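Numbering (the working numbering), first residue to last: 200 to 465. Have a look at the structure below before the remarks.
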Ligand SMILES: Nc1ncnc2c1ncn2[C@@H]1O[C@H](COP(=O)(O)OP(=O)(O)OP(=O)(O)O)[C@@H](O)[C@H]1O
Ligand SMILES: [Mg+2]
């Protein structure tokens with residue numbers, strides 16, 4: 200069920216011009232609107248890919264449909280987007296929400312960590328699984344994550360995947376492969392990749408993924424996010440299903456690329 204937005208908190212940075220909203224479940228969601236300047240399908244990509252990543256056991260920010268009512272837009276002057284040089288109101292309706300882990304007043308969330316802090320990330324190994332996911336789903340942006348600091352006195356961080364908007368090649372729903380697709384810009388995160396075993400358990404899970412998992416993830420999408428084009432959605436799911444057979448080929452291409460992202464592969 201959709202979460203209802205109650206209050207605008209702040210505008211986020213970035214190309215989709217998301218807004219942080221407090222919702223009726225007490226949680227906060229980084230919300231991308233249907234009339235974002237990138238493409239309406241990025242909402243579908245976010246929802247579909249978060250559902251699939253979660254099913255594979257990857258650490259992904261929780262995805263929800265966020266309902267924004269017209270009176271919230273009318274009463275909140277910040278709920279505006281810039282498109283083609285003009286400001287317009289965020290549309291009321293159903294939008295994509297990526298749940299903020301905890302509360303923005305208390306939880307420390309970082310977009311980046313310096314290399315020397317990466318050792319304090321408890322689930323750094325998950326970056327290998329995310330790369331597998333991004334190669335599969337053809338994320339045409341680099342991998343983006345947030346680092347969530349543990350509440351004191353615990354030290355360290357947990358990494359969460361965010362921004363699946365450019366998976367499936369953004370609005371195109373196509374799969375232009377490239378060996379560098381989805382690589383995180385700090386290759387240090389792949390320092391523990393020693394061979395195929397470093398892509399487990401995700402590789403085995405993805406190779407054996409039941410088609411019902413794809414169908415379930417697709418069923419969570421509001422049809423207006425893909426113009427109710429069920430033919431296009433079915434073709435997309437078929438392509439994703441077929442691409443599961445090429446995972447080892449895709450990772451091998453990344454491994455052998457000029458960037459040499461896995462220097463410790465034996
Ligand atoms: N679930 C989340 N919890 C906390 N912060 C988040 C979450 N999702 C996104 N953010 C923050 O919001 C910013 C924008 O999110 P995102 O990258 O998904 O949007 P974008 O418009 O595609 O941005 P860009 O164009 O910079 O890639 C992120 O850099 C991050 O700081
Ligand atoms: Mg982004």
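For glycine and all other residues, C-beta sits at the position ideal for the given N, C-alpha and C. Since this is a predicted model, take the numbers as computed values, not measurements.
Take the alpha-carbon of residue 415 and the one of residue 393: they are about 34 Å apart.
In this structure, the straight-line span from the alpha carbon of residue 463 to that of residue 381 is close to 19 Å. As a beta-bridge residue in DSSP terms, residue 360 pairs with 259, 344.
Put simply, of 439, 351, 215 the residue whose alpha carbon is nearest the alpha carbon of residue 406 is 439.
A direct Cα-to-Cα measurement between residue 369 and residue 359 gives close to 20 Å. Taking the CA atoms as reference points, residue 210 sits about 6 Å from residue 219. CA-to-CA, the gap between residue 446 and residue 386 works out to about 20 Å.
Residue 333 has its Cβ no nearer than 7 Å to any heavy atom of ligand 2. Contact between the region 351–366 and the region 426–442 is not established, with fewer than three Cβ pairs separated by less than 8 Å. Here the C-alpha atom of residue 208 lies approximately 7 Å from the C-alpha atom of residue 221.
Close CB contacts of residue 272 within its chain, under the 7 Å cut and outside five residues either way in sequence, are with 278, 288, 289, 291 (chain order).
The C-alpha of residue 244 lies about 6 Å from the C-alpha of residue 366.
For residue 231, the uninterrupted beta strand (DSSP E) run begins and ends at 227–231, by DSSP. Pairing residue 296 with residue 230 gives a Cβ-Cβ distance under 8 Å. Residues with their Cβ less than 6 Å from any non-hydrogen atom of ligand 2, running along the chain, are 213, 343, 362. Judged by the Cβ position, residue 414 fails to qualify as a neighbour of ligand 1 at the 7 Å threshold, every heavy atom of the ligand being at least this far. Contact check for residue 388 and residue 317: beta-carbon distance about 6 Å, within the 8 Å limit, so the pair qualifies. Shortest gap from the CB of residue 345 to any heavy atom of ligand 1: under 7 Å. Within the same chain, Cβ atoms closer than 7 Å to the Cβ of residue 248 are found at 336, 363, 366, the five residues on either side in sequence being excluded.
Inclusion of residue 449 and residue 376 in the CB contact set at 8 Å is warranted, their separation being smaller than that value.
Taking the Cα positions, residue 410 is about 26 Å away from residue 293. Using a Cβ distance threshold of 8 Å, residue 264 and residue 201 count as a contacting pair. A Cβ-Cβ separation of about 19 Å leaves residue 374 out of contact with residue 328 under the 8 Å criterion.
In this structure residue 266 is buried. Its beta-carbon is surrounded by 16 or more other beta-carbon atoms within 10 angstroms.
Excluding sequence positions up to five before and after residue 347, its CB lies within less than 7 Å of the CB of 300, 306, 308, 356, 357, 359, all in the same chain and listed in chain order.
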